[in-house]
């Protein structure tokens with residue numbers, strides 16, 4: 004596996020099937036080793052969730068949308084939140100991606116939990132934002148919060164992602 008460079012990311016963004024759509028500013032969001040995703044919305048979790056081996060008993064907790072103030076800011080108390088990104092990600096069958104929080108979040112006492120973006124996945128992804136700072140955290144709409152890093156697979160997968168999150172939040 005090799006990580007895509009800025010040049011490869013730019014080429015993938017300019018292809019007929021762009022790697023990421025609906026970026027606010029591709030010039031700013033394209034970094035030497037990844038693409039930054041921005042914040043569309045924040046939701047609080049309501050109730051428990053559950054998972055099982057075959058997903059037949061999967062239950063996702065409900066969520067409540069949190070409103071930004073008139074200036075586009077949101078104060079988050081310590082706790083966990085679901086965030087949804089502005090961008091739609093389209094992973095070709097020869098790539099996979101992982102995400103890492105921007106270091107500014109970490110320096111503010113905030114972590115971002117993510118999963119693997121599988122080959123063949125397409126959608127407007129979600130992640131878990133965890134505010135550890137006892138004084139909370141202020142977050143502005145459209146903030147750049149995560150860097151998505153793409154890896155070339157050693158071979159193209161014969162079957163891409165086909166789970167329930169395919170085409171989520173589009």
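Numbering (this note's numbering), first residue to last: 4 to 173.
Glycine residues also receive a C-beta, built at the ideal position from the N, C-alpha and C atoms.
Through-space distance from residue j to residue i, alpha-carbon basis
i	j	result
residue 31	residue 121	25 angstroms
residue 143	residue 164	32 angstroms
residue 104	residue 153	15 angstroms
residue 24	residue 147	15 angstroms
residue 3	residue 149	Not covered by the structure: residue 3. The range shown for the chain is 4 to 173.
residue 125	residue 11	19 angstroms
residue 84	residue 145	16 angstroms
residue 8	residue 37	7 angstroms
residue 22	residue 53	32 angstroms
residue 172	residue 16	20 angstroms
Enclosing beta strand (DSSP E) for residue i [first to last residue]
i	result
residue 114	113–116
Residue range of the alpha helix (DSSP H) that includes residue i
i	result
residue 30	29–32
residue 15	9–16
residue 109	106–110
Expected contact under 8 angstroms - CB spacing of residue i and residue j to nearest Å
i	j	result
residue 6	residue 157	Their Cβ separation, rounded to whole angstroms, is 13 angstroms, which puts residue 6 and residue 157 out of contact at 8 angstroms.
residue 139	residue 79	6 angstroms
residue 159	residue 97	4 angstroms
residue 89	residue 41	5 angstroms
Residue from the options with nearest C-alpha to residue i
i	options	result
residue 65	161, 46, 153	46
residue 128	141, 110, 151	151
residue 51	44, 62, 58, 43	62
residue 3	74, 130, 58, 35	Since the displayed the chain opens at 4 and closes at 173, residue 3 lies outside it and no answer follows.
residue 162	171, 99, 59, 39	99
residue 119	155, 109, 102	102
residue 169	57, 123, 26	123
Any 3 or more C-beta pairs closer than 8 angstroms across the segment 90–106 and the segment 60–77: Judged by Cβ distances under 8 angstroms, the segment 90–106 makes no contact with the segment 60–77, as fewer than three pairs qualify.
The segment 110–119 touching the segment 134–141, judged by at least three CB pairs closer than 8 angstroms: Short answer: they touch.
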